[in-house]
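For the sequence shown, the residue numbers in this note's numbering are 289 to 605. Using N, Cα and C, we set each Cβ at its ideal position, and we do this for glycine too.
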Amino acid sequence: MRQLVLKLGLLCLVVAAVLALLGPRIDAGRVDPFYRRFTSGPASSLIIGSSRAAQGLQPRVLAPALLGRGRYQGPMLNFAFTITNSPYGPAYLAQIKKKVAAHTRNGVFLLAVDPWVLSCDSTERQDQRLREDKSFMSKLHAAALNPNIEYILRFGDRPLYQLFAVPPLKNYDIYLHADGWLEMTVPLDSASVQERTSRGMRRYRSFVNHWQLSDVRMQALRQTITFLQQHGQVYLLRLPAGVGMKQMEQQHWPDFDSLMQRQAEAFRVPYLSYMALSAAYPTTDGNHLQSEAGRRLSRKIAADILKLNGAHMARQK
């Protein structure tokens, strides 16, 4: 038994050494939809939320407008994941704390909120265990290593040899950019969009009656706001989605905007809801914005934030 343990330990060391040596050859953007966010250093401005924010908010558009002329500190990183991995909770907050540069005092933090990231399903309520406790969000120690060997060995879902494929493996429809934006390249003809939307809405309809807004997640959101306010300005955002998703959320959580507005007022932060504009921002699947729609929305959010800042400065004069 002792020899087996020693051999396994040696094998792990060899694998780790090979990964460290060949790390620069890894195409980090194609490892998976999450890995690259754990290879970059701490950031002074963050986008936080689920996959709706991961795909919909583009730092390449937001940063030039918000970080220019010394308005806010950079760099800006999209640090949003999925409703499974990054609902508001203790695990996500712990990773956010690791990712914010300690010296930051004038960052900008865009917190995307929707009912899904502030809810627990029936299993979570019954087991009293949050769903993200099973994921990398609660288990990953290293949040800023390149290559992040811990992530690759513990949470990677591709064979190791594929990480070093040259040229990169073909037929991928995702690419995680260095700034954290998750770009989806999928067919956008009406039939393809409708098929993905129908499939996605069936999935969410199977969820909706089992999910309820959670005091634990609301408390985590408040704790997240409190922490980030030490480092800069917080904005709560509700992003648009497809018409079907909008109707589902409105039917099941009709008071959500009012609840978020009360939270925003309690912490003296702006709340910007774009759900009423959903028809103007097409999605790939009824939930996630198409890349061009995300670019336009990011530009609008930046303009709205600058407008709010201008109005605030005018009141102070």
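Query raised in the report: Taking 7 Å as the cut-off, does the CB of H519 come closer than this to any heavy atom belonging to the ligand ZN?
Result: The ligand ZN is not part of this structure, which contains no ligands at all.
Query raised in the report: Just how far apart, CA to CA, sit L501 and A431?
Result: Distance between the alpha carbons of L501 and A431: 29 Å.
**Report entry** For I384, the first and last residue of its enclosing alpha helix (DSSP H)
**Finding:** Per DSSP, the unbroken alpha helix (DSSP H) holding I384 starts and ends at P378 to K387.
Query raised in the report: Ends of the beta strand (DSSP E) at A400?
Result: Note, A400: beta strand (DSSP E), G395 to A400.
Query raised in the report: Got a sec? Which residues, its chain only, sit under 7 Å from D592 by beta carbon, not counting five neighbours each side?
Result: Here the set comprises L560.
Query raised in the report: If we count Cβ pairs, one from each stretch, closer than 8 Å, do we get three or more for the stretch 477-488 versus the stretch 564-574?
Result: Judged by Cβ distances under 8 Å, the stretch 477-488 makes contact with the stretch 564-574, as three or more pairs qualify.
Requested in this report: Ignoring anything shorter than 4 residues or poking outside the stretch 482-536, list the alpha helix (DSSP H) runs there in chain order.
Outcome: With a minimum length of 4 residues, the continuous alpha helix (DSSP H) runs that stay inside the stretch 482-536 are 503-517.
Query raised in the report: If you run the structure through DSSP and keep just helix, strand and coil, what is N597?
Result: DSSP places N597 within a helical segment (H, G or I) once states are collapsed to three.
Requested in this report: Compute the Euclidean distance between the alpha carbons of E420 and Y376, then round it to the nearest angstrom.
Outcome: Cα to Cα, the separation comes out at about 10 Å.
Report task. Kindly indicate the opening and closing residues of the beta strand (DSSP E) around E420. Result -> Counting along the chain, E420 falls outside any beta strand (DSSP E), and DSSP gives it neither H nor E.
Requested in this report: Would you mind sorting V481 into buried or exposed? The rule is 16 or more other CB atoms within 10 Å of its CB.
Outcome: Buried.
Report task. Let me know the secondary structure DSSP gives Y559 once reduced to three states. Result -> In the three-state DSSP reduction, Y559 falls in the strand class (E or B).
Requested in this report: Give the secondary structure of L457 by DSSP, where H, G and I count as helix, E and B as strand, and everything else as coil.
Outcome: Bear in mind that a pLDDT of 45 at L457, under 50, signals an unreliable position, so the model cannot answer this.
Report task. Quick one: measure Cβ to Cβ for V388 and H519, integer angstroms, because I've assumed they're closer than 8 Å. Result -> At roughly 6 Å, the Cβ-Cβ gap stays under 8 Å, so V388 and H519 are in contact.
Query raised in the report: Of the residues Q578, A368 and Y569, which one's Cα is nearest the Cα of L476?
Result: When only C-alpha atoms are compared, the closest one is Q578.
Requested in this report: Keeping to the same chain, check which residues put their C-beta closer than 7 Å to that of Q549; ignore five residues upstream and five downstream.
Outcome: Same-chain partners within the cutoff: Y559.
Query raised in the report: Which residues share a DSSP beta bridge with Y463?
Result: Partner(s): E471.
**Report entry** Bridge partner(s) assigned by DSSP for D409
**Finding:** Per DSSP, W499.
Report task. Return helix, strand or coil for I335, following the three-state DSSP convention. Result -> The answer is strand: DSSP assigns I335 an E or B state.
Query raised in the report: When DSSP builds the beta bridges, which residues end up paired with T571?
Result: Its beta-bridge partners are L577.
Requested in this report: Assuming L527 and R340 form a contact by the criterion Cβ under 8 Å, report the distance between their Cβ atoms to the nearest whole angstrom.
Outcome: The Cβ separation is near 5 Å, so the contact holds.
Report task. Measure the beta-carbon distance from W469 to Q346 and round it to whole angstroms, keeping in mind my assumption that it falls under 8 Å. Result -> A Cβ-Cβ distance of about 5 Å is found for the pair W469 and Q346, placing them in contact under the 8 Å criterion.
Query raised in the report: Taking just the CA atoms, how far does A466 sit from G356?
Result: So the alpha carbons of these two residues sit roughly 19 Å apart.
Query raised in the report: Closest by CA to A331, which one among V396, N373 and M533?
Result: Put simply, of V396, N373 and M533 the residue whose alpha carbon is nearest the alpha carbon of A331 is V396.
Requested in this report: My understanding is that S426 touches A379, with C-beta atoms under 8 Å, so please give their C-beta distance in whole angstroms.
Outcome: Approximately 4 Å separates the beta-carbon atoms of S426 and A379; this is inside 8 Å, confirming the contact.
Query raised in the report: Do G317 and R325 have their C-beta atoms within less than 8 Å of each other?
Result: With contacts defined as CB atoms closer than 8 Å, G317 and R325 fail to qualify as a contacting pair.
Requested in this report: Go ahead and pull the three-state DSSP assignment for L365.
Outcome: Reduced to three states, the DSSP call for L365 is strand.
Query raised in the report: In three-state DSSP terms, what is Y323?
Result: If DSSP states are grouped into helix, strand and coil, Y323 belongs with the helices.
Requested in this report: From the DSSP output, in three-state form, read off A351 for me.
Outcome: Three-state result, A351: helix.
Query raised in the report: With DSSP run on the structure shown, which of helix, strand or coil describes P330?
Result: Residue state, collapsed to three classes: coil.
Query raised in the report: Under the rule that 16 or more other beta-carbon atoms within 10 Å means buried, what is V319, buried or exposed?
Result: Here V319 is buried: its Cβ has 16 or more other Cβ atoms, across all protein chains shown, within 10 Å.
Query raised in the report: What are the boundary residues of the alpha helix (DSSP H) that includes I440?
Result: Start and end: I437 to F443.
Query raised in the report: Do you know how far the Cα of I513 is from the Cα of A568?
Result: The alpha-carbon separation between A568 and I513 amounts to approximately 29 Å.
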